[in-house]
Every structure is written in C-alpha cells, then in structure tokens.
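Remarks on the structure that follows.
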Amino acid sequence: MRKPLIAGNWKMFLNRESAIQLAKTLADRTGDITDRDILICPAAPLLSEVSKVIAKSKIMLGAQNMYFEKEGAYTGEISADMLISVGCSYVILGHSERRHVFEEENTSINKKVRFALQEGLKPILCVGELLEEREAGRTEKVLREQMVEGLQKVPLNSIGRVTIAYEPVWAIGTGKTATPEDADANQSFIRSTLVDMYSGGVAENMRILYGGSVKPDNINGLMARENVDGALVGGASLKADSFFEIITFKAH
Ligand code: PGA
Numbered sequence: 000m001r002k003p004l005i006a007g008n009w010k011m012f013l014n015r016e017s018a019i020q021l022a023k024t025l026a027d028r029t030g031d032i033t034d035r036d037i038l039i040c041p042a043a044p045l046l047s048e049v050s051k052v053i054a055k056s057k058i059m060l061g062a063q064n065m066y067f068e069k070e071g072a073y074t075g076e077i078s079a080d081m082l083i084s085v086g087c088s089y090v091i092l093g094h095s096e097r098r099h100v101f102e103e104e105n106t107s108i109n110k111k112v113r114f115a116l117q118e119g120l121k122p123i124l125c126v127g128e129l130l131e132e133r134e135a136g137r138t139e140k141v142l143r144e145q146m147v148e149g150l151q152k153v154p155l156n157s158i159g160r161v162t163i164a165y166e167p168v169w170a171i172g173t174g175k176t177a178t179p180e181d182a183d184a185n186q187s188f189i190r191s192t193l194v195d196m197y198s199g200g201v202a203e204n205m206r207i208l209y210g211g212s213v214k215p216d217n218i219n220g221l222m223a224r225e226n227v228d229g230a231l232v233g234g235a236s237l238k239a240d241s242f243f244e245i246i247t248f249k250a251h
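As numbered in numbering that gives the first Met the number 0, residues 0 to 251 make up the sequence shown, in order.
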C-alpha cells in the first residue's frame, strides 16, 4: 500500500547540457512506469531547465535544500516559493552532507521541514548515524533524536506529506551499503518512533527510503524488505542506465 519512491540526488554534479541529456533519457525510458514514483533532484541552477524536459513525463522534481524564510536579504539562499515556481514538489532536507559538511543542526532542519510544508512542498527528511555512533551502539538514540527534533511541531494534518530517508552516513558514497537486514531493522525502528510521535496509521503510511551506495546490484535485496519503501540514490542516479535499473527493481 506504500507506493515505492525512487529518488535521484544529483548533488553538485552535472551541468546544463549533461543534466538535460540525463533527464531526457530518463523521461523517454520511464513513460510506462506507473507502480512506483520517480523523483530527480538536480542542483538548484539546473532545476528550471530540467523541469521543462520532464514536464510531460511522470518524473517529479525536487530540490536538495532550501531556506526557512519566505524571502529577504539572505544572500545565497533559495526559497520554497522559488522552488515551487520552477516545478519542484519535493525538497531534500537534513541530508548528511548538509549536517556534516555545512554544520546544519536539527533545529534549523526542523524549521526548514515546517516551512516547506507550510509553503506546499513535500520534505524528504534525511536521518542517519555516523560510523562512530554505530560502533558505540548509539544508532537508535541518534535516529530517535533526529526524528523527534526534525519533526518537532509538525502537525498531524501535514505529517502525511513527509517522507523519511534513512541514510547511514558511513554508507554514503563509500560503496558500503547497509545489509537489507540492517536497513530494515533501523527503518522499522524509525517507523516505531512515528507510532510514539503520531499514531500507528501515520507510521504505517509513511514512506521510508533507504540511501547509501544504492546500486543496481543491491536494490532488489533492499526493496524486498518490509520497511524499505524506496531509495535515495546518489552516485548511481547520475547515469541513465544505472538509475533506470534501480527504478525498475523487481518487486517481490
Ligand atoms: P550515494 O549517495 O548513493 O552516492 O551513496 C546517497 C545520498 O547521499 O543520498
């Protein structure tokens, strides 16, 4: 009952030409796919062009970040309204690179989540533990904190528009994927925190994606797990062939 979502996070890769080419190829090849949702998240300057290319396809558009104010003197920042005006429906928030390279914290991530919802965007809230947190047995504590603080004051009537992405930091861009069992166990834990925070119904309906070195050869195993409802794909989303193989994972 949870429709799978396969999302590509293009990060700070591609330029106008290569982004248009990739989007075109994906749009052409995914026309028949209806049983899963497809999302691409190009870098901000590429959104407008990519949006035109995928306008008639089923592929949805998302951004990789945004600011939590409506507008103003915030040099270098991007507003929700700007993203919506170029065709975005989703925005990735709290990605581990934002947390660890740009020192974003749960408090500002929470402001962004609430603002995105208020403006009509669907946030993908990323959560995940560092290797040292995992080795110290602190994974659940970290995940719980990121969930509780990241979703603070998100009301019941808008929680249904949130997607969670579980991305263990040690698995991002490293070629180390969490085993399907590991991903499932941690995503089951995330779902159980949603039961505590909201309700069984909210938890049951929430799409929880896995991210971290998702590739064509590990996607089927991951998607076979009960609590894995899709994938947030970095490196393997930059090539049409590998992303298409991931999109067309075999449902069990
Ligand atoms: P990766 O990135 O697939 O290259 O590990 C995933 C992500 O950071 O969203």
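All C-beta atoms, glycine included, are put in the ideal place defined by N, C-alpha and C. The model shown is predicted, which means the values in this text are computed figures rather than measured ones.
Cβ contact annotation for Val85 (same chain, cutoff 6 angstroms, sequence separation greater than five): Leu46, Ser47, Ser50, in chain order. Along the stretch 46-132, the alpha helix (DSSP H) occurs as fully enclosed runs of 4 or more residues at 46-52, 79-84, 95-99, 105-118, listed in sequence order. For Gly210, the enclosing beta strand (DSSP E) starts and ends at 207-210. Contact annotation: Ser212 and Ala170 have beta-carbon atoms nearer than 8 angstroms. Unbroken alpha helix (DSSP H) runs of no fewer than 4 residues, entirely contained in the stretch 135-197, are found at 138-149, 155-158, 179-196, following chain order. The Cβ neighbour count for Ala135, taken over all protein chains shown within 10 Å, is under 16; the residue is labelled exposed. One alpha carbon belongs to Ala164, the other to Ile123, and they sit about 6 angstroms apart. Across the structure, Asp27 and Ile19 are spaced so that their CA atoms are roughly 12 angstroms apart. Leu221 is not a Cβ neighbour of Phe188, given a cutoff of 8 angstroms. Taking the Cβ of Ala235 as the reference point, at least one heavy atom of the ligand PGA falls within a distance shorter than 7 angstroms.
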